[in-house]
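Visitor: Input: one structure, supplied below.
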Amino acid sequence: MSDTAEQKPEEDVRQTEITGLLPVLSQLDKTAAELEQLTVAGKEVTTGQIAAYEMEAAHARHLVNAAGVTTQEITDAEQQHRSDGNPGFTGRALDHATHTRHFQPTPSNPTPDREHEQDIDL
Numbered sequence: 001m002s003d004t005a006e007q008k009p010e011e012d013v014r015q016t017e018i019t020g021l022l023p024v025l026s027q028l029d030k031t032a033a034e035l036e037q038l039t040v041a042g043k044e045v046t047t048g049q050i051a052a053y054e055m056e057a058a059h060a061r062h063l064v065n066a067a068g069v070t071t072q073e074i075t076d077a078e079q080q081h082r083s084d085g086n087p088g089f090t091g092r093a094l095d096h097a098t099h100t101r102h103f104q105p106t107p108s109n110p111t112p113d114r115e116h117e118q119d120i121d122l
């Protein structure tokens, strides 16, 4: 058996491992984009949304570190599997995984009836 034949299965396993990271990175990119859009628009950002983002970032960071992949390997995999997310999602997601943003929850808008409601002593 030649060295090339032995390396091929190892390369396939490596590519499969890298490709397996793409859905996690795609979801992190989508979650981060949603939070950024809500923040810019001044809309409600809940603690649940922030917790989901932070958990996704930590999960992605753990998987990337455990796999020992480089940014270039992930970027190459993205280009081979374009349908997994918006173009450039791996770079943005890796940035969020390594430099997690600190979003602040915003209070929900009170309903107009409750805003002006007062207790009346009779």
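The sequence shown begins at 1 in the working numbering and counts up by one.
Ideal Cβ positions, reconstructed from N, Cα and C, are used throughout, including at glycine.
On a predicted model such as this, the values are computed, not experimentally measured, just so you know.
1. At the level of alpha carbons, what is the spacing between Thr128 and Leu22?
2. Closer than 7 Å by C-beta to Thr71: which residues in its own chain qualify, once you throw out the five before and the five after it? Chain order, please.
3. Going by Cα to Cα distance, which pick from Lys8, Gly42, Arg92 is closest to Val24?
4. Quick check: what's the CA-CA separation for Ala33 versus Ala51?
5. Run the CB neighbour count on Ala58, radius 10 Å, all protein chains shown included, and call it buried at 16 or more, exposed below.
6. Roughly how many angstroms separate the alpha carbons of Leu133 and Lys8, rounded to a whole number?
7. What does the alpha-carbon distance come out to for the pair Glu78 and Gly42?
8. Measuring only the C-alpha atoms, how far is Ile18 from Tyr53?
9. Evaluate Glu56 with the Cβ neighbour count: other Cβ atoms within 10 Å of its Cβ, from every protein chain shown; 16 or more gives buried, anything less gives exposed.
10. Give the straight-line distance between the Cα atoms of Gln49 and Glu36, rounded to the nearest whole angstrom.
Guide: Result, derived from the coordinates:
1. What is shown of the chain runs 1 to 122, which leaves residue 128 out entirely.
2. Closer than 7 Å at Cβ, skipping near neighbours: Leu94.
3. Arg92
4. 15 Å
5. Burial check for Ala58: the Cβ neighbour count within 10 Å stays below 16, so the residue is exposed.
6. This structure cannot speak to residue 133, because the chain is shown only from 1 to 122.
7. Spanning the two alpha carbons is a distance of roughly 32 Å.
8. 21 Å
9. So Glu56 ends up on the buried side.
10. Their Cα atoms are separated by approximately 11 Å.
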